[in-house]
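For the protein sequence lines, the chains are A and B, in the order given. All the letters of the first sequence, read from the start, carry residue numbers 1 to 454 under the working numbering. All the letters of the second sequence, read from the start, carry residue numbers 455 to 908 under the working numbering. Below you'll find the structure, written out as structure tokens, and then a few comments.
2 protein chains.
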Amino acid sequence: MKQTKILLEDNEIPKEWYNIRADMPELPDPPLNPKTQEPATPEDLEPIFPKQVIKQELSEERRIPIPEKVREIYSIWRPSPLVRARRLEEELETPAKIYYKWEGVSPPGSHKPNTAVPQAYYNSKEGVERVSTETGAGQWGSALAFGTSFFDIDARVYMVRVSYDQKPTRKTLMETWGARCVPSPSEKTEYGRKMLEENPDTSGSLGMAIAEAVEDAGKREDTNYSIGSVLNHVVLHQTVAGLEAKKQFEKVDDYPDSIYGCVGGGSNFSGASFPFIKDKIKGEKPDLKVVGCEPEACPTITRAPYAYDYGDSAGLTPLLKMHTLGHDFVPAPVHAGGLRYHGASPLFSKLVKDGHIEGEAFHQNEVFKAAIKFARTEGFVVAPETSHAVKGVIDEAIRCREEGEEKTIMFANSGHGHFDLSSYEEYLDGNLEDFKYSDVSADESIENIPKMKE
Amino acid sequence: MKQTKILLEDNEIPKEWYNIRADMPELPDPPLNPKTQEPATPEDLEPIFPKQVIKQELSEERRIPIPEKVREIYSIWRPSPLVRARRLEEELETPAKIYYKWEGVSPPGSHKPNTAVPQAYYNSKEGVERVSTETGAGQWGSALAFGTSFFDIDARVYMVRVSYDQKPTRKTLMETWGARCVPSPSEKTEYGRKMLEENPDTSGSLGMAIAEAVEDAGKREDTNYSIGSVLNHVVLHQTVAGLEAKKQFEKVDDYPDSIYGCVGGGSNFSGASFPFIKDKIKGEKPDLKVVGCEPEACPTITRAPYAYDYGDSAGLTPLLKMHTLGHDFVPAPVHAGGLRYHGASPLFSKLVKDGHIEGEAFHQNEVFKAAIKFARTEGFVVAPETSHAVKGVIDEAIRCREEGEEKTIMFANSGHGHFDLSSYEEYLDGNLEDFKYSDVSADESIENIPKMKE
Chain A
1 MKQTKILLED NEIPKEWYNI RADMPELPDP PLNPKTQEPA TPEDLEPIFP KQVIKQELSE
61 ERRIPIPEKV REIYSIWRPS PLVRARRLEE ELETPAKIYY KWEGVSPPGS HKPNTAVPQA
121 YYNSKEGVER VSTETGAGQW GSALAFGTSF FDIDARVYMV RVSYDQKPTR KTLMETWGAR
181 CVPSPSEKTE YGRKMLEENP DTSGSLGMAI AEAVEDAGKR EDTNYSIGSV LNHVVLHQTV
241 AGLEAKKQFE KVDDYPDSIY GCVGGGSNFS GASFPFIKDK IKGEKPDLKV VGCEPEACPT
301 ITRAPYAYDY GDSAGLTPLL KMHTLGHDFV PAPVHAGGLR YHGASPLFSK LVKDGHIEGE
361 AFHQNEVFKA AIKFARTEGF VVAPETSHAV KGVIDEAIRC REEGEEKTIM FANSGHGHFD
421 LSSYEEYLDG NLEDFKYSDV SADESIENIP KMKE
Chain B
455 MKQTKILLED NEIPKEWYNI RADMPELPDP PLNPKTQEPA TPEDLEPIFP KQVIKQELSE
515 ERRIPIPEKV REIYSIWRPS PLVRARRLEE ELETPAKIYY KWEGVSPPGS HKPNTAVPQA
575 YYNSKEGVER VSTETGAGQW GSALAFGTSF FDIDARVYMV RVSYDQKPTR KTLMETWGAR
635 CVPSPSEKTE YGRKMLEENP DTSGSLGMAI AEAVEDAGKR EDTNYSIGSV LNHVVLHQTV
695 AGLEAKKQFE KVDDYPDSIY GCVGGGSNFS GASFPFIKDK IKGEKPDLKV VGCEPEACPT
755 ITRAPYAYDY GDSAGLTPLL KMHTLGHDFV PAPVHAGGLR YHGASPLFSK LVKDGHIEGE
815 AFHQNEVFKA AIKFARTEGF VVAPETSHAV KGVIDEAIRC REEGEEKTIM FANSGHGHFD
875 LSSYEEYLDG NLEDFKYSDV SADESIENIP KMKE
């Protein structure tokens, strides 16, 4: 029988994360304090992050040790399989080899616990008993609930009200792991009360939820804030996936010619691709093609300017240098909730800016069509976000067929779609709209990107 | 780092299923034609099953080859991991070692595709283009949709109307894999139309859905019927899990002292335990304890008589010799829908009857409490059905602590609970009722077990 899954044993879980900052020819400009526009200092971040996380955020060490306790918890689902998608290859009649790194095996169902677990660990080590965070569709909130459950840390998740009402299972999942999930805006914070007073029927937004979570962490001595994407330490933790994948390719004596992944905040795809991009930067694999896939409705890396902007819509976070559609950009309601973010990780953005990563944008109907083809050949029903990468890979495999190229393609299969089936239903029923970028003009939000001094 | 997961490579997927009929000191009495009460013949079964399946149903060969094509599809998720539950052991402060065989890694999320894939394969090989089946909560329907998607077979799933309305995600999952799912009773069959005429607002029942699926298969030349539990061939296919588990225990030089699993129709637990029960029957492991866990509300193996009865509530199937609460027994509405079955596999029932397997019955609140403990230590959120086994194991591990016994416990972790979170929510909200067997007296249904001739 031909091999399908390339597995690693528990003791092959990487012992260190990979920090691409050590290898970048030029680092991204530093985050700035939003008030002074001066580079943010560790002290700026200490009220809401543990010291070890701040150290990682600013570190330029190439290898950062993964604590043994974190590796133990990783071993619940890691090393995750690298899978050869042989049936998809056959279906597409492509000479290309397609592999995917499968992160849907984690208990919360995505790559998110790769960072939730170490964040919970570092908070616990520094005596923090409670963390706050925001969540949109619920993927990150459930990962943090999962991560904190191992360290007796209380987690308070502010979940955008419209999702809280529409996706009750995500809330239940968080509570099963012992977290508290409240709809945002809530009565729990000053900002939330203000929002509710202004508009008692508001459906909430990620911007409001971030504001509540940050206020909660800032005001309470016992509480830190936890974030699921964008920042350097999150991207660092996610490299565990790419490091494993590299080892798995070695086992079958192969190496990808191209790597695909979906991009919202960018941490999933950064984690899967950075250990390979290292070889590209260093000139060992100059032809490696790295493609971030995103929605046409929120084309951050394919169309947005590269500028300093806030990470949240309320303008509370440090200013980050990144591709941004403007912090108050409101994308059309595509089903890939995790990709509806105005910016992208500064590290990832810088690599895009410098030409190491390219972007492709897709409409949601073609994306779901690709996901259905994947489900009917490879079996797994993937998340709407991940489906963008599947669409990119299918296009590339067809191109390989047309041009007779026996390339090796890898993609970051970041999670399953078990909690997103209502979006599949809308697709199958033919009710899905193909929002375009122009449906929600970003002219105004790009105009609102803050002006820098000098 | 201590090893948690015991993995096998793709090429270690068993090449043969294990047929316990070859090793049973005494076979169960044969199935009977319901009209004549004479032993059912292969010809009785041919209108609705493929020949190869009928052959397996009646076979006494010890080893039956797994077709290469089936092994290839198995390799999407098989071999499944055997996992050492170290954090649960620590939490319980038990000297016992706890292992679980984790079937939640399959795309439909349970052990069911172990039989759905070969059933689809054999139907396809014999030129069948369409299969029909019934499903209650949707676990089996989605597994069959998954299985048939690889063989271009149309699947028609009759889903009990109340579940169809309450669990729309299951229907969407089936349709994602290309199956057609209709609420039962439906307008598609004579029996369905009759039921709807008598009561247009009926919420349906598994009995009605079976009747529709069997009628559909019986009337159409191109269609066979497919079943997800109870019968010998289903149990046979499920032994792939137990055979793998045995190999995995060999790798760590261990062997279970006790094996736990949940029991509805019995195929999951039979599959996980029969390769071990073989050693017990043969006198090599005389002290092996095998415990089937079931709801107090539907205590088939702990309380029901052992008798010939119908497999469905309408009385259409052959008469099967088994533990049965009566074919028209209606269990209280516990959340473990897959355990709400009046009977149990004839092979499994016979082994219970002969003292090789014992039973334990639990209330649903204690079962969910055990599942939450499992989620917060081992990470995975398991199905309400599976949670019965978790409860049994936790009790046994505590007993080991109290008596200082360093036993090795294994359990069949048959599936995840991603589509069952509303039941977790009811538990967490304190809204779950502890139905007892006496809440729904079985006096009448036991009275209705058909009388045999002579």
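The beta-carbon is built from N, C-alpha and C at its ideal position, and this holds for glycine as well.
Beta-carbon proximity check, residue i vs residue j, cutoff 8 Å
{"i": "residue 388 (chain A)", "j": "residue 336 (chain A)", "result": "yes"}
{"i": "residue 438 (chain A)", "j": "residue 458 (chain B)", "result": "no"}
{"i": "residue 707 (chain B)", "j": "residue 899 (chain B)", "result": "no"}
{"i": "residue 644 (chain B)", "j": "residue 650 (chain B)", "result": "no"}
{"i": "residue 193 (chain A)", "j": "residue 155 (chain A)", "result": "no"}
{"i": "residue 666 (chain B)", "j": "residue 639 (chain B)", "result": "yes"}
{"i": "residue 871 (chain B)", "j": "residue 835 (chain B)", "result": "yes"}
{"i": "residue 714 (chain B)", "j": "residue 865 (chain B)", "result": "yes"}
{"i": "residue 465 (chain B)", "j": "residue 1 (chain A)", "result": "yes"}
{"i": "residue 258 (chain A)", "j": "residue 373 (chain A)", "result": "no"}
{"i": "residue 470 (chain A)", "j": "residue 144 (chain A)", "result": "Chain A is shown only over 1 to 454; residue 470 (chain A) falls outside these bounds and no answer can be derived."}
{"i": "residue 229 (chain A)", "j": "residue 205 (chain A)", "result": "no"}
{"i": "residue 535 (chain B)", "j": "residue 460 (chain B)", "result": "yes"}
Amino acids of chain A, ordered along the chain, whose beta-carbon sits closer than 7 Å to that of residue i
{"i": "residue 464 (chain B)", "result": "1, 3, 4, 5"}
{"i": "residue 629 (chain B)", "result": "428"}
Closest Cα partner of residue i within the set the options
{"i": "residue 360 (chain A)", "options": "A:138, A:70, A:292", "result": "A:292"}
{"i": "residue 596 (chain B)", "options": "B:568, B:582, B:773, B:521", "result": "B:568"}
{"i": "residue 273 (chain A)", "options": "A:289, A:284, A:283", "result": "A:289"}
{"i": "residue 395 (chain A)", "options": "A:431, A:342, A:98", "result": "A:98"}
{"i": "residue 560 (chain B)", "options": "A:237, A:139, A:375", "result": "A:375"}
{"i": "residue 510 (chain B)", "options": "B:660, B:619, B:626, B:691", "result": "B:691"}
{"i": "residue 422 (chain B)", "options": "B:612, B:863, B:775, B:657", "result": "Lying before the first or after the last residue shown, residue 422 (chain B) is absent from chain B, which here runs from 455 to 908."}
{"i": "residue 19 (chain A)", "options": "A:148, A:168, A:232", "result": "A:232"}
{"i": "residue 546 (chain B)", "options": "B:852, B:881, B:902", "result": "B:852"}
{"i": "residue 62 (chain A)", "options": "A:256, A:22, A:373, A:226", "result": "A:22"}
{"i": "residue 838 (chain B)", "options": "B:855, B:492, B:792, B:806", "result": "B:792"}
{"i": "residue 421 (chain A)", "options": "A:368, A:150, A:449", "result": "A:368"}
{"i": "residue 501 (chain A)", "options": "A:164, A:287, A:316", "result": "Residue 501 (chain A) is absent from the structure shown; chain A starts at 1 and stops at 454."}
{"i": "residue 491 (chain B)", "options": "B:847, B:762, B:724, B:896", "result": "B:762"}
Interface residues of chain B facing residue i [CB-CB closer than 7 Å]
{"i": "residue 90 (chain A)", "result": "Result: empty, since nearest Cβ-Cβ is about 11 Å, beyond 7 Å."}
Cutoff 8 Å: residue i Cβ touching any chain B Cβ
{"i": "residue 425 (chain A)", "result": "yes"}
{"i": "residue 411 (chain A)", "result": "no"}
{"i": "residue 320 (chain A)", "result": "no"}
Under 8 Å from the C-beta of residue i: neighbouring residues of chain B
{"i": "residue 449 (chain A)", "result": "Neighbours of residue 449 (chain A) on chain B: none; closest Cβ ~40 Å, over 8 Å."}
{"i": "residue 419 (chain A)", "result": "872"}
Partner residues on chain A for residue i, Cβ-Cβ distance less than 9 Å
{"i": "residue 603 (chain B)", "result": "375, 376, 377, 379"}
{"i": "residue 561 (chain B)", "result": "375, 378, 379, 380, 381, 416"}
{"i": "residue 900 (chain B)", "result": "Going along chain A, no residue has its Cβ under 9 Å from residue 900 (chain B), so there is no contact; the nearest lies around 37 Å."}
Amino acids of chain B, ordered along the chain, whose beta-carbon sits closer than 9 Å to that of residue i
{"i": "residue 75 (chain A)", "result": "455, 456, 457, 458, 459"}
Chain A residues whose Cβ lies nearer than 8 Å to that of residue i
{"i": "residue 632 (chain B)", "result": "376"}
{"i": "residue 690 (chain B)", "result": "In chain order: nothing, as chain A lies at least about 20 Å away."}
Any chain A beta carbon closer than 8 Å to residue i
{"i": "residue 600 (chain B)", "result": "yes"}
{"i": "residue 623 (chain B)", "result": "yes"}
{"i": "residue 910 (chain B)", "result": "The requested residue 910 (chain B) does not occur in the structure, where chain B is confined to residues 455 to 908."}
{"i": "residue 826 (chain B)", "result": "yes"}
Under 8 Å (Cβ pairs) to chain B, residues found in the region 12-32 of chain A: 13
Near-chain B residues of the region 60-71 of chain A - C-beta to any C-beta below 8 Å: 68, 71
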